[in-house]
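All you need for our numbering is the position in the sequence shown, starting with 1, plus 19. What follows is a set of notes on a single structure, which appears directly below.
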Amino acid sequence: MKLTIICASYTGTTYGIAEQIRNACGGEIIEIQSKDLLSRVVAFMGRHSPGMNVRESGSLPEKIDLSGSDLVVIGTPVWGGKPVPAIRKAFAVLTGCKGKKAVIFATCGENPGTTLQILEKDLAAKGMTIAGQFSLKKKEIEDGTLVAALIAKVQEAADPA
Ligand SMILES: Cc1cc2nc3c(=O)[nH]c(=O)nc-3n(C[C@H](O)[C@H](O)[C@H](O)COP(=O)(O)O)c2cc1C
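Okay, here's the thing in C-alpha cells:
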C-alpha cells in the first residue's frame with residue numbers, strides 16, 4: 020500500500036498533522052509551496068509578525084504522478100474560507116489520479132467555509148473519489164480526538180478489509 024500525503028502549510032499546523040498521519044500510516048509527504056502573490060504576501064506578513072514561524076520548505080513540482088499510489092491524503096490550511104492557492108496549484112499538476120481514493124482535511128481557526136466542498140469538486144473533476152473528509156478547528160486540533168479519527172479513517176481507507 021503506497022500512501023501519498025500532499026499538503027501546504029505556512030505556520031506548521033497542517034504539516035504537523037501530515038506528519039502525524041505519516042508516523043501512524045507510513046507514506047511520503049509532498050509539501051507544496053506556491054509563489055503566487057497572495058501566498059507571498061501572507062508569508063511576508065507572517066515573517067514580520069512576532070512569534071510567528073513561517074515554514075520555508077516545500078516546492079511546486081512540475082508534475083505529481085499518483086499512478087503508483089493507492090491512497091492520497093490532501094491537507095490544506097483555510098484562507099478566507101477556501102483552500103490555499105498552493106494546494107489548488109498542486110491539483111493542476113496531478114497525473115495518474117483517475118479512480119484513486121483521497122482523504123481530505125482542512126485546518127482552520129474556527130470557520131472552514133467552503134474549503135472541503137471546493138477540494139471535493141476539484142478532485143471529482145480529476146476522477147478521484149473522497150473516502151473521508153475532516154475540517155479541524157484550532158481547539159479540535161489541540162484536543163486531538165478528531166485528528167485521531169482522521170488517522171483512523173486513513174488507516175481504514177488504506178486497508179478496507
Ligand atoms: C491569510 C489567512 C486567512 C485565514 N482565513 C481563515 C478562515 O477563513 N477561517 C478560519 O477559521 N481560519 C483562517 N485562518 C487561520 C488558518 O486557517 C489556520 O491557522 C491554519 O490552521 C493554519 O495552517 P498552517 O499552520 O498549516 O499554515 C487564516 C489564516 C491566514 C494566514
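Yeah, the Cβ is synthetic: ideal placement off N, Cα and C, and Gly gets one too.
Three-state secondary structure assigned by DSSP to residue i
i    : result
T32  : helix
T134 : helix
S58  : helix
V91  : strand
V166 : helix
Whether residue i touches residue j by CB criterion (7 Å)
i    : j    : result
S76  : E50  : yes
P104 : L135 : no
V91  : L85  : yes
E43  : I24  : Position check: residue 43 holds Ala in this sequence, whereas Glu was assumed. Cβ atoms of A43 and I24: not closer than 7 Å.
I48  : R59  : no
T32  : T126 : yes
K156 : E129 : yes
L101 : I160 : Per the sequence shown, the amino acid found at residue 101 is Lys instead of Leu. For K101 and I160, no; Cβs fall outside 7 Å.
K197 : L165 : Because the chain in this structure spans residues 20 to 180, residue 197 falls outside the shown range and cannot be described.
I106 : Q152 : no
V97  : P131 : yes
Paired residues, beta bridge with residue i - DSSP
i    : result
E47  : T23
I83  : L113
I149 : A121
P102 : V97
K156 : C127
S53  : None; S53 has no bridge partner.
S78  : I51
Chain C within 7 Å of residue i, Cβ atoms only
i   : result
D84 : Reference to chain C is not applicable here, since this structure consists of a single protein chain.
Counting Cβ pairs closer than 8 Å, one from the stretch 135 to 143 and one from the stretch 168 to 175, do we hit at least three? Taking 8 Å as the limit for Cβ pairs, the verdict is that the stretch 168 to 175 does not touch the stretch 135 to 143.
The stretch 35 to 54 contacting the stretch 63 to 78, beta-carbon criterion three pairs below 8 Å: By the C-beta criterion, the stretch 35 to 54 is judged to be in contact with the stretch 63 to 78, since at least 3 inter-stretch pairs fall below 8 Å.
Is it a yes or a no for the stretch 60 to 67 touching the stretch 112 to 119, going by three-plus beta-carbon pairs under 8 Å? No, the stretch 60 to 67 is not in contact with the stretch 112 to 119.
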